[in-house]
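Residue numbers (full-length UniProt numbering): 1 to 258. Glycine residues also receive a C-beta, built at the ideal position from the N, C-alpha and C atoms. Worksheet for the structure shown next.
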Ligand SMILES: Nc1ncnc2c1ncn2[C@@H]1O[C@H](COP(=O)(O)OP(=O)(O)OP(=O)(O)O)[C@@H](O)[C@H]1O
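Right, dumping it as structure tokens:
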């Protein structure tokens, strides 16, 4: 079953501090990868946390006909998985155990039979089978990030939210994770939304780009429409060139800070 994610009039923040107010996005279609970009503090993680139900939100986040804001945490977890920017450092479980725990926490059909095999299959999928027996608190930052991705993907959510999933990864692993995100969206007819700072990676990896600044939508659309010299100047305050290169991808070259 594939359904677009609709974000309409979404508000979210912390205590008495509103960060997002009445955010409206174009429907985010199933099977697509959406990159969420913008300066530090723009509200990108806040948006992911609000869609995941980790912080209170007003307005609407709707998956097809299902209003996510009306669901209990458990029901919401059937549909949405969130990979945070950093995993806690003090978890003394093995990577395999944490992925099994993620599978069992997913209330799809209760704890799946053969959870260990299923968890191992996810680790293989993300290219981290060799980490299975390693303790999470003894991994490098990049290995921990891949383990976090495995935990999120294990739940097979229809909405996969990835907060800077490549920030600790080497070049090859960055490309692999971006490809995985795309394959996951296509194969599962899921909506994958990921926060990225690398605009060239965002252009390469996504179907749709959402630019946020100061809690507001600045522009959204296909990469070539959302990532332009004008947007880079207005939102990031840099002078840049954006040129098409091989296979329809964009090259972003920053010449100066404005
Ligand atoms: N737990 C919190 N309590 C209070 N304010 C917060 C909290 N988390 C974030 N904020 C504030 O909310 C605003 C948006 O933060 P958010 O983390 O959503 O930005 P971001 O776009 O993801 O930034 P970055 O690119 O730096 O990760 C910032 O001003 C930040 O200081």
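Cβ contact (3+ pairs, closer than 8 Å) linking the region 179–195 and the region 33–46: yes
CA-to-CA distance, residue 117 to residue 213, given in whole angstroms: 43 Å
Beta-carbon gap between residue 136 and residue 96 smaller than 8 Å: no
Any non-hydrogen atom of ligand 1 within 7 Å of residue 46 CB: yes
Residues bridged to residue 35 [DSSP beta-bridge criterion]: 194, 209
Per-residue burial, residue 56 [other beta carbons within 10 Å of its own, 16 or more giving buried]: exposed
Rounded straight-line distance, which links the Cα of residue 159 to that of residue 90: 27 Å
Alpha helix (DSSP H) segment containing residue 225, residue limits: 223–226
Reference residue 44, options 23, 186, 62, 58, closest by Cα: 23
Counterpart residues of residue 7 in DSSP-defined beta bridges: 61
Length of the line joining the Cα atoms of residue 3 and residue 30: 5 Å
Beta-bridge pairing of residue 220 - partner residues as DSSP gives them: 210
Collapsed DSSP secondary structure at residue 187 in the structure displayed: helix
8 Å Cβ cutoff met for residue 235 and residue 154: no
Nearest-angstrom Cα separation, counted from residue 198 out to residue 222: 16 Å
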